[in-house]
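Protein chains in written order, with the numbering used here: chain U, 1 to 246; chain X, 1001 to 1059.
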């Protein structure tokens, strides 16, 4: 099966049916390894044990932006190639992106209270991530508000691409402005500044959460394809009922 | 493993993540069953897709 074959919804469903159990299994194993390594990681000399929050905060923060990136690519697929699976992919990803962004905000807040002395600060990084969360909610509301899927797809695709402007703002906010949030310590020029004792569990957890997203995204896409089939059949059902003699 | 004076913050963080992940998995699983059930109902009512395919096949 080639990648082009997966562009067909029916083949995509058959492919995900075979792939999902394996993907879920690998994700669970990797999460277990990551959690074990996180638990065994030493305390930081400044932060103490609160450094353990990093192992769940950072993967969620990365995914909050990555998912919007995936949705932006899907938006191009909707607007440029008008591919039916592109909108399915974007719509299925939005609630997952909202959930990861919510978790990044909550875990960041719970990490900030003992380290910064506050749950929240209106600095550039925190505010831009909050805006990202609100944009996810706005997109979800848009898909729910517009009944015609093709109209909703185009409007959501345009909004997604406009919203992508926020991604570099989030990434570079800690460099462009004076923020309470620390600058990048993993994805930076010159390599990570984290000690291997923290970097290894962090990367394992990041990979595990990325696979978790992939698993949930494929499953949510499968649901969305089925939902559209239900809708199409309901319309046929209504049309058939209308043609029957009274 | 001692979590020190901020154990509540650490435990709460992990519990919130666990709760949200479980909610996501549950929501997707329930939604899948609901869509499959609705497809079966429509098929049993004699509704056929324009392609003529069986709605509740393995796809």
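The beta-carbon is built from N, C-alpha and C at its ideal position, and this holds for glycine as well. Quick caveat: nothing in here was measured; it's all calculated off a predicted structure.
Partners in chain U for residue i, counting only beta-carbon separations shorter than 9 Å
i                       : result
residue 1026 of chain X : Simply none; closest approach about 11 Å.
Contacts of residue i in chain X (Cβ-Cβ under 9 Å)
i                      : result
residue 236 of chain U : 1042, 1047, 1048, 1049 and 1050
residue 249 of chain U : The structure shown does not extend to residue 249 of chain U, since chain U is modelled only from 1 to 246, so the question has no answer here.
residue 23 of chain U  : Under the 9 Å cutoff, chain X gives no residues; its nearest Cβ is about 13 Å from residue 23 of chain U.
Burial state of residue i, where buried means 16 or more other Cβ atoms lie within 10 Å
i                       : result
residue 175 of chain U  : exposed
residue 1008 of chain X : exposed
residue 87 of chain U   : buried
residue 1018 of chain X : exposed
residue 1006 of chain X : buried
residue 1022 of chain X : exposed
residue 165 of chain U  : exposed
residue 1058 of chain X : Residue placement at residue 1058 of chain X is poorly supported in this model, since its pLDDT is 46, which falls under 50; the coordinates are not used for a value here.
residue 222 of chain U  : buried
Distance between beta carbons of residue j and residue i, contact taken as under 8 Å
i                      : j                       : result
residue 173 of chain U : residue 124 of chain U  : 4 Å
residue 67 of chain U  : residue 93 of chain U   : 5 Å
residue 65 of chain U  : residue 170 of chain U  : 6 Å
residue 248 of chain U : residue 137 of chain U  : Nothing about residue 248 of chain U can be reported from this structure: the residues present for chain U run from 1 to 246 only.
residue 237 of chain U : residue 1042 of chain X : 6 Å
Delimiting residues of the alpha helix (DSSP H) encompassing residue i
i                       : result
residue 117 of chain U  : Here residue 117 of chain U belongs to no alpha helix (DSSP H), and DSSP marks it neither H nor E.
residue 1027 of chain X : 1007 to 1044
residue 181 of chain U  : Unbroken run through residue 181 of chain U: none, as it is neither H nor E.
residue 82 of chain U   : Careful: residue 82 of chain U lies outside any alpha helix (DSSP H) and carries neither H nor E.
residue 222 of chain U  : 196 to 243
residue 38 of chain U   : 9 to 40
residue 140 of chain U  : 124 to 145
Partner residues on chain X for residue i, Cβ-Cβ distance less than 8 Å
i                      : result
residue 223 of chain U : 1028, 1031, 1032 and 1035
residue 66 of chain U  : Within 8 Å Cβ-Cβ: nothing; residue 66 of chain U doesn't reach chain X, min ~16 Å.
residue 107 of chain U : 1013, 1016 and 1017
residue 230 of chain U : 1035, 1038, 1039 and 1042
residue 102 of chain U : 1020
Contacts that residue i makes with chain X (C-beta to C-beta distance below 7 Å)
i                      : result
residue 113 of chain U : 1009
residue 29 of chain U  : Under the 7 Å cutoff, chain X gives no residues; its nearest Cβ is about 15 Å from residue 29 of chain U.
residue 227 of chain U : 1035
Partners in chain U for residue i, counting only beta-carbon separations shorter than 7 Å
i                       : result
residue 1022 of chain X : Those do not exist, as residue 1022 of chain X stays about 11 Å from chain U at its closest Cβ, beyond 7 Å.
Given 8 Å, three or more beta-carbon pairs between the stretch 37 to 53 of chain U and the stretch 129 to 138 of chain U: no
Three-pair Cβ contact test at 8 Å for the stretch 109 to 120 of chain U versus the stretch 73 to 93 of chain U: no
Sufficient close CB pairs (3 or more, under 8 Å) joining the stretch 101 to 116 of chain U to the stretch 49 to 66 of chain U: yes
Any 3 or more C-beta pairs closer than 8 Å across the stretch 191 to 202 of chain U and the stretch 148 to 157 of chain U: no
Any 3 or more C-beta pairs closer than 8 Å across the stretch 6 to 13 of chain U and the stretch 206 to 226 of chain U: yes
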